[in-house]
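Comments concern the structure below.
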Amino acid sequence: MQLEVRDIKKSFGDKEVLHGVSFTVQSGRAMGFLGRNGAGKSTTIRCLMDVFHQDEGGFYLDGQPLNITKYRVGYLPEERGMYQKHTVLEQLAYFGQLRGATRAQALASANYWVDYFGLSEYKKKKLETLSKGNQQKIQIAQSFLNEPDILILDEPFSGLDPVNAQVFKDTIARFVSEGKLVIFSSHQMGYVEEICDDITLIHQGHILLTGDLEQIKRELGENKLQLRIEGMADEALAATLTRAFPVLLTQPHEDGLILDTQNQVTQRQILDYISQQGWIIHYYGLYTPSLNDIFIAKAGEQA
167 MQLEVRDIKK
177 SFGDKEVLHG
187 VSFTVQSGRA
197 MGFLGRNGAG
207 KSTTIRCLMD
217 VFHQDEGGFY
227 LDGQPLNITK
237 YRVGYLPEER
247 GMYQKHTVLE
257 QLAYFGQLRG
267 ATRAQALASA
277 NYWVDYFGLS
287 EYKKKKLETL
297 SKGNQQKIQI
307 AQSFLNEPDI
317 LILDEPFSGL
327 DPVNAQVFKD
337 TIARFVSEGK
347 LVIFSSHQMG
357 YVEEICDDIT
367 LIHQGHILLT
377 GDLEQIKREL
387 GENKLQLRIE
397 GMADEALAAT
407 LTRAFPVLLT
417 QPHEDGLILD
427 TQNQVTQRQI
437 LDYISQQGWI
447 IHYYGLYTPS
457 LNDIFIAKAG
467 EQA
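Position 194 of the sequence shown, counted from 1, bears residue number 360 in the working numbering, the numbering being contiguous throughout.
This is the structure:
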(Lines of atoms letter the chains of each structure in order from A and count residues from 1; the text may use other names and numbers.)
(Lines give C-alpha, C1' and ligand atoms only; values in the text may rest on other atoms or scores of the structure.)
Protein backbone atom coordinates (compact mmCIF):
# COMPACT_ATOMS: atom_id res chain seq x y z
CA MET A 1 0.00 0.00 0.00
CA GLN A 2 1.02 3.60 -0.58
CA LEU A 3 -0.53 6.52 1.23
CA GLU A 4 -0.16 9.89 -0.45
CA VAL A 5 -0.70 13.14 1.41
CA ARG A 6 -1.31 15.70 -1.35
CA ASP A 7 -1.14 19.45 -0.87
CA ILE A 8 -3.09 19.58 2.40
CA LYS A 9 -4.11 23.06 3.51
CA LYS A 10 -5.95 23.80 6.72
CA SER A 11 -6.95 27.06 8.39
CA PHE A 12 -8.50 27.87 11.73
CA GLY A 13 -10.29 31.16 11.33
CA ASP A 14 -8.03 33.51 9.41
CA LYS A 15 -4.86 31.59 10.24
CA GLU A 16 -3.62 28.94 7.82
CA VAL A 17 -1.68 26.30 9.77
CA LEU A 18 -0.97 23.78 6.99
CA HIS A 19 0.46 25.25 3.80
CA GLY A 20 0.29 22.55 1.15
CA VAL A 21 1.60 19.56 3.11
CA SER A 22 2.65 16.66 0.87
CA PHE A 23 4.50 13.40 1.55
CA THR A 24 4.21 9.66 0.89
CA VAL A 25 4.10 6.67 3.24
CA GLN A 26 4.93 3.17 1.94
CA SER A 27 3.70 0.00 3.57
CA GLY A 28 6.54 -1.98 5.11
CA ARG A 29 8.51 1.22 5.79
CA ALA A 30 7.84 3.14 9.00
CA MET A 31 7.52 6.90 8.44
CA GLY A 32 8.79 9.26 11.14
CA PHE A 33 6.73 12.46 11.12
CA LEU A 34 8.75 15.11 12.95
CA GLY A 35 8.42 18.72 13.94
CA ARG A 36 8.62 21.16 16.82
CA ASN A 37 5.60 21.86 19.02
CA GLY A 38 2.97 23.62 16.91
CA ALA A 39 4.59 22.59 13.61
CA GLY A 40 1.41 20.98 12.27
CA LYS A 41 1.96 17.26 12.98
CA SER A 42 -1.19 16.65 15.00
CA THR A 43 -3.33 18.79 12.68
CA THR A 44 -2.13 16.76 9.68
CA ILE A 45 -2.87 13.50 11.49
CA ARG A 46 -6.32 14.71 12.55
CA CYS A 47 -7.10 15.63 8.95
CA LEU A 48 -5.99 12.15 7.89
CA MET A 49 -8.24 10.64 10.56
CA ASP A 50 -11.11 12.89 9.42
CA VAL A 51 -11.32 14.49 12.84
CA PHE A 52 -10.73 17.78 11.01
CA HIS A 53 -11.55 18.27 7.36
CA GLN A 54 -8.82 19.91 5.30
CA ASP A 55 -9.65 23.04 3.26
CA GLU A 56 -7.70 21.85 0.22
CA GLY A 57 -5.83 18.74 -0.91
CA GLY A 58 -6.53 15.13 -0.14
CA PHE A 59 -5.35 11.74 1.06
CA TYR A 60 -4.98 8.87 -1.40
CA LEU A 61 -4.37 5.17 -0.88
CA ASP A 62 -2.91 3.38 -3.89
CA GLY A 63 -4.01 6.26 -6.07
CA GLN A 64 -7.63 6.34 -4.89
CA PRO A 65 -9.22 8.88 -2.50
CA LEU A 66 -8.89 7.51 1.03
CA ASN A 67 -12.06 6.71 2.94
CA ILE A 68 -10.62 6.15 6.38
CA THR A 69 -13.77 4.38 7.59
CA LYS A 70 -13.17 1.50 5.16
CA TYR A 71 -9.85 0.48 6.72
CA ARG A 72 -8.78 -0.88 10.07
CA VAL A 73 -6.89 2.01 11.64
CA GLY A 74 -4.98 1.96 14.91
CA TYR A 75 -4.59 5.47 16.31
CA LEU A 76 -2.70 6.52 19.41
CA PRO A 77 -3.31 10.27 19.88
CA GLU A 78 -0.91 12.44 21.85
CA GLU A 79 -3.75 13.50 24.16
CA ARG A 80 -4.99 10.31 25.76
CA GLY A 81 -8.75 9.82 25.96
CA MET A 82 -9.65 6.54 27.60
CA TYR A 83 -12.19 6.20 30.39
CA GLN A 84 -10.72 6.28 33.88
CA LYS A 85 -13.84 4.92 35.62
CA HIS A 86 -14.27 1.86 33.40
CA THR A 87 -12.46 -1.46 33.56
CA VAL A 88 -9.61 -2.17 31.18
CA LEU A 89 -11.14 -5.10 29.30
CA GLU A 90 -14.59 -3.53 29.11
CA GLN A 91 -13.44 -0.40 27.35
CA LEU A 92 -10.92 -2.12 25.07
CA ALA A 93 -13.69 -4.41 23.86
CA TYR A 94 -15.88 -1.33 23.36
CA PHE A 95 -13.20 0.35 21.21
CA GLY A 96 -12.79 -2.85 19.21
CA GLN A 97 -16.54 -2.90 18.46
CA LEU A 98 -16.46 0.76 17.45
CA ARG A 99 -13.94 -0.26 14.79
CA GLY A 100 -16.27 -2.84 13.31
CA ALA A 101 -15.50 -6.03 15.22
CA THR A 102 -18.20 -8.25 16.69
CA ARG A 103 -18.38 -8.47 20.49
CA ALA A 104 -16.61 -11.82 20.43
CA GLN A 105 -13.89 -10.58 18.07
CA ALA A 106 -13.37 -7.42 20.11
CA LEU A 107 -13.06 -9.37 23.37
CA ALA A 108 -10.61 -11.81 21.80
CA SER A 109 -8.44 -8.98 20.49
CA ALA A 110 -8.61 -7.07 23.80
CA ASN A 111 -7.61 -10.17 25.77
CA TYR A 112 -4.72 -10.88 23.41
CA TRP A 113 -3.20 -7.41 23.62
CA VAL A 114 -3.66 -7.04 27.38
CA ASP A 115 -1.89 -10.37 27.85
CA TYR A 116 0.75 -9.39 25.27
CA PHE A 117 1.71 -6.31 27.25
CA GLY A 118 1.80 -8.23 30.54
CA LEU A 119 -1.29 -6.65 32.07
CA SER A 120 -3.52 -9.69 32.55
CA GLU A 121 -4.01 -9.02 36.26
CA TYR A 122 -5.58 -5.63 35.51
CA LYS A 123 -8.29 -6.73 33.07
CA LYS A 124 -11.13 -6.21 35.56
CA LYS A 125 -9.65 -3.14 37.23
CA LYS A 126 -10.62 0.44 36.51
CA LEU A 127 -8.06 2.34 34.45
CA GLU A 128 -7.61 4.99 37.15
CA THR A 129 -6.17 2.37 39.55
CA LEU A 130 -3.23 1.59 37.24
CA SER A 131 0.14 3.30 37.35
CA LYS A 132 0.93 5.93 34.71
CA GLY A 133 3.16 3.50 32.82
CA ASN A 134 0.54 0.76 32.80
CA GLN A 135 -2.14 3.21 31.72
CA GLN A 136 0.11 4.12 28.80
CA LYS A 137 0.44 0.44 27.88
CA ILE A 138 -3.35 0.12 27.83
CA GLN A 139 -3.52 3.17 25.58
CA ILE A 140 -1.01 1.49 23.29
CA ALA A 141 -2.92 -1.81 23.40
CA GLN A 142 -6.07 -0.08 22.11
CA SER A 143 -4.18 1.14 19.04
CA PHE A 144 -3.35 -2.47 18.07
CA LEU A 145 -6.90 -3.80 18.43
CA ASN A 146 -8.30 -5.74 15.45
CA GLU A 147 -4.88 -5.95 13.72
CA PRO A 148 -5.00 -2.55 11.96
CA ASP A 149 -3.90 -2.02 8.35
CA ILE A 150 -2.81 1.54 9.17
CA LEU A 151 -1.06 2.40 12.44
CA ILE A 152 -0.70 6.03 13.52
CA LEU A 153 1.28 6.65 16.71
CA ASP A 154 1.60 10.15 18.18
CA GLU A 155 4.24 10.40 20.97
CA PRO A 156 3.79 6.73 21.93
CA PHE A 157 6.82 6.28 24.22
CA SER A 158 5.75 8.78 26.86
CA GLY A 159 5.75 7.11 30.27
CA LEU A 160 7.30 3.81 29.19
CA ASP A 161 10.26 2.28 31.00
CA PRO A 162 13.11 0.79 28.90
CA VAL A 163 11.79 -2.79 29.07
CA ASN A 164 8.30 -1.86 27.92
CA ALA A 165 9.72 0.52 25.32
CA GLN A 166 11.63 -2.42 23.82
CA VAL A 167 8.48 -4.58 23.74
CA PHE A 168 6.68 -1.75 21.96
CA LYS A 169 9.53 -1.27 19.45
CA ASP A 170 9.47 -4.99 18.67
CA THR A 171 5.70 -4.82 18.10
CA ILE A 172 6.01 -1.88 15.72
CA ALA A 173 8.77 -3.72 13.85
CA ARG A 174 6.47 -6.73 13.51
CA PHE A 175 3.71 -4.60 11.99
CA VAL A 176 6.17 -3.00 9.59
CA SER A 177 7.46 -6.42 8.51
CA GLU A 178 3.87 -7.49 7.83
CA GLY A 179 3.47 -4.68 5.32
CA LYS A 180 1.34 -2.34 7.43
CA LEU A 181 1.33 1.43 6.96
CA VAL A 182 3.02 2.96 10.01
CA ILE A 183 3.24 6.69 10.78
CA PHE A 184 5.22 7.49 13.89
CA SER A 185 5.43 10.94 15.45
CA SER A 186 7.74 11.70 18.36
CA HIS A 187 10.17 14.23 19.81
CA GLN A 188 12.37 11.36 21.02
CA MET A 189 14.79 11.22 18.10
CA GLY A 190 16.56 8.07 19.26
CA TYR A 191 13.37 6.03 18.95
CA VAL A 192 12.50 7.53 15.56
CA GLU A 193 16.00 6.84 14.25
CA GLU A 194 15.86 3.27 15.47
CA ILE A 195 12.39 2.47 14.14
CA CYS A 196 11.83 4.55 11.01
CA ASP A 197 12.99 3.98 7.44
CA ASP A 198 11.71 7.32 6.13
CA ILE A 199 11.20 10.72 7.71
CA THR A 200 9.17 13.83 7.00
CA LEU A 201 10.12 17.06 8.75
CA ILE A 202 7.42 19.72 9.10
CA HIS A 203 7.97 23.27 10.35
CA GLN A 204 5.23 25.89 10.76
CA GLY A 205 2.97 23.99 8.39
CA HIS A 206 5.59 23.57 5.64
CA ILE A 207 7.42 20.34 4.73
CA LEU A 208 11.18 20.97 5.00
CA LEU A 209 12.34 17.54 3.82
CA THR A 210 10.97 14.06 3.24
CA GLY A 211 12.47 10.79 2.10
CA ASP A 212 14.69 7.85 2.97
CA LEU A 213 16.45 8.56 6.27
CA GLU A 214 19.77 6.95 5.32
CA GLN A 215 19.87 8.79 2.00
CA ILE A 216 19.14 12.09 3.74
CA LYS A 217 21.99 11.38 6.16
CA ARG A 218 24.40 10.70 3.29
CA GLU A 219 23.39 13.85 1.43
CA LEU A 220 23.69 16.09 4.49
CA GLY A 221 27.00 14.48 5.46
CA GLU A 222 28.53 14.93 1.98
CA ASN A 223 32.04 16.45 1.97
CA LYS A 224 32.13 16.45 5.78
CA LEU A 225 34.56 14.77 8.13
CA GLN A 226 34.51 14.22 11.86
CA LEU A 227 37.72 14.70 13.84
CA ARG A 228 38.71 14.48 17.48
CA ILE A 229 42.30 14.91 18.63
CA GLU A 230 43.42 13.68 22.00
CA GLY A 231 44.08 16.48 24.47
CA MET A 232 42.99 19.32 22.14
CA ALA A 233 39.84 21.38 22.53
CA ASP A 234 37.64 21.77 19.46
CA GLU A 235 38.14 25.56 19.40
CA ALA A 236 41.94 25.27 19.31
CA LEU A 237 41.78 22.50 16.71
CA ALA A 238 39.44 24.55 14.51
CA ALA A 239 41.69 27.60 14.66
CA THR A 240 44.80 25.59 13.76
CA LEU A 241 43.14 23.77 10.85
CA THR A 242 41.59 26.89 9.31
CA ARG A 243 45.01 28.56 9.36
CA ALA A 244 46.41 25.59 7.47
CA PHE A 245 43.36 25.23 5.16
CA PRO A 246 41.56 28.60 4.83
CA VAL A 247 38.74 27.09 2.74
CA LEU A 248 37.90 24.55 5.45
CA LEU A 249 34.68 25.20 7.39
CA THR A 250 34.52 23.90 10.94
CA GLN A 251 31.66 23.27 13.33
CA PRO A 252 31.82 22.07 16.94
CA HIS A 253 29.92 18.88 17.71
CA GLU A 254 29.43 16.79 20.83
CA ASP A 255 31.30 13.90 19.17
CA GLY A 256 34.18 15.95 17.76
CA LEU A 257 34.86 18.74 15.32
CA ILE A 258 32.96 18.63 12.01
CA LEU A 259 35.03 19.66 8.98
CA ASP A 260 33.36 20.75 5.74
CA THR A 261 35.91 20.25 2.98
CA GLN A 262 33.67 21.79 0.28
CA ASN A 263 35.41 19.37 -2.12
CA GLN A 264 38.49 21.63 -2.03
CA VAL A 265 40.51 19.75 0.57
CA THR A 266 41.04 15.99 0.46
CA GLN A 267 40.91 13.64 3.42
CA ARG A 268 44.53 12.74 2.65
CA GLN A 269 45.71 16.35 2.86
CA ILE A 270 44.12 16.75 6.29
CA LEU A 271 45.49 13.42 7.50
CA ASP A 272 49.01 14.30 6.29
CA TYR A 273 48.84 17.61 8.15
CA ILE A 274 47.71 15.88 11.35
CA SER A 275 50.58 13.41 11.00
CA GLN A 276 53.09 16.26 10.58
CA GLN A 277 51.88 17.85 13.81
CA GLY A 278 52.35 14.61 15.70
CA TRP A 279 48.78 14.69 17.02
CA ILE A 280 47.16 11.57 18.41
CA ILE A 281 43.91 10.90 16.57
CA HIS A 282 41.02 9.83 18.77
CA TYR A 283 38.57 9.68 15.86
CA TYR A 284 38.78 10.54 12.15
CA GLY A 285 36.24 9.58 9.50
CA LEU A 286 33.28 10.54 7.39
CA TYR A 287 30.59 12.47 9.23
CA THR A 288 27.12 10.94 9.27
CA PRO A 289 24.63 13.26 10.95
CA SER A 290 22.25 11.82 13.50
CA LEU A 291 18.55 12.45 13.18
CA ASN A 292 18.88 14.87 16.08
CA ASP A 293 21.56 16.80 14.11
CA ILE A 294 19.30 16.91 11.05
CA PHE A 295 16.28 18.07 13.04
CA ILE A 296 18.18 20.83 14.84
CA ALA A 297 19.90 22.00 11.64
CA LYS A 298 16.78 22.12 9.46
CA ALA A 299 14.31 23.40 12.05
CA GLY A 300 16.94 25.83 13.36
CA GLU A 301 17.52 27.27 9.89
CA GLN A 302 13.83 28.06 9.54
CA ALA A 303 13.53 29.43 13.08
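In this text, a Cβ means the ideal position worked out from N, Cα and C, and glycines have one as well.
According to DSSP, residues forming a beta bridge with M355: To locate residue 355, count along the sequence shown from 1; it is residue 189. Looking at the DSSP assignment, M355 forms no beta bridge with any residue, so it has no partner.
Drop a sphere of 10 angstroms on the beta-carbon of D364, count the other beta-carbons inside from all chains shown, and report buried for 16 or more, exposed for fewer. For this step, residue 364 is matched to residue 198 along the sequence shown. It is buried - the Cβ of D364 has at least 16 other Cβ atoms within 10 Å.
Below 7 Å CB to CB, which residues in the same chain sit around F261 once its five sequence neighbours on both sides are set aside? Sequence index remark: in the sequence shown, residue 261 carries index 95 (1-based). Result list for F261: Q308 and L311, in chain order.
CB-CB length for M355 against L293, believed under 8 Å: For the purposes of this step, residue 355 is identified with residue 189 of the sequence shown, where counting begins at 1. For the purposes of this step, residue 293 is identified with residue 127 of the sequence shown, where counting begins at 1. So it is not a contact: roughly 30 Å between Cβ atoms.
Taking 8 Å as the limit between beta carbons, can you name the residues of its chain near D471, skipping five residues before and five after? This structure cannot settle anything about residue 471, because the visible part of the chain is limited to 167 through 469.
If you drop the 5 nearest sequence neighbours on each side, which residues of the same chain put their C-beta closer than 8 Å to that of Q435? For the purposes of this step, residue 435 is identified with residue 269 of the sequence shown, where counting begins at 1. Closer than 8 Å at Cβ, skipping near neighbours: F411.
So, helix, strand or coil for K236, using DSSP? If you number the sequence shown from 1, residue 236 lands on position 70. Reduced to three states, the DSSP call for K236 is helix.
With the cut-off set at 7 Å, would you say Q392 and Y453 are in Cβ contact? If you number the sequence shown from 1, residue 392 lands on position 226. If you number the sequence shown from 1, residue 453 lands on position 287. Result yes, Cβ atoms of Q392 and Y453 sit closer than 7 Å.
Within 8 Å, do at least three Cβ pairs link the region 276-290 to the region 200-213? no
Can you tell me the Cβ-Cβ gap for I349 and V191, rounded? I've got them flagged as a contact below 8 Å. On the sequence shown, residue 349 is found 183 positions in, with the first residue counted as 1. On the sequence shown, residue 191 is found 25 positions in, with the first residue counted as 1. Yes, I349 and V191 are in contact; Cβ-Cβ is about 6 Å, under 8 Å.
Can you tell me whether T376 is buried or exposed, with buried defined as 16 or more other CB within 10 angstroms of its CB? Reading the sequence shown from its first residue, position 210 is the one you call residue 376. By the C-beta density criterion, T376 is buried, having at least 16 other C-beta atoms within 10 angstroms.
Runs of beta strand (DSSP E) wholly within the region 198-273 (minimum 3 residues, chain order): 222-227 and 239-242
Excluding the 5 residues preceding and the 5 following V183 in the sequence, name in chain order all residues of the same chain whose CB lies nearer than 8 Å to its CB. For this step, residue 183 is matched to residue 17 along the sequence shown. K176, S177, G206, T209 and G371.
Return the residue from the list I304, V342 and F341 that minimises the CA-CA distance to S324. For the purposes of this step, residue 324 is taken as residue 158 along the sequence shown, with counting starting at 1. Comparing Cα-Cα distances from S324 to each of I304, V342 and F341, the minimum goes to I304.
Beta strand (DSSP E) runs wholly inside the region 423-464, at least 3 long, in chain order: 423-426 and 447-452
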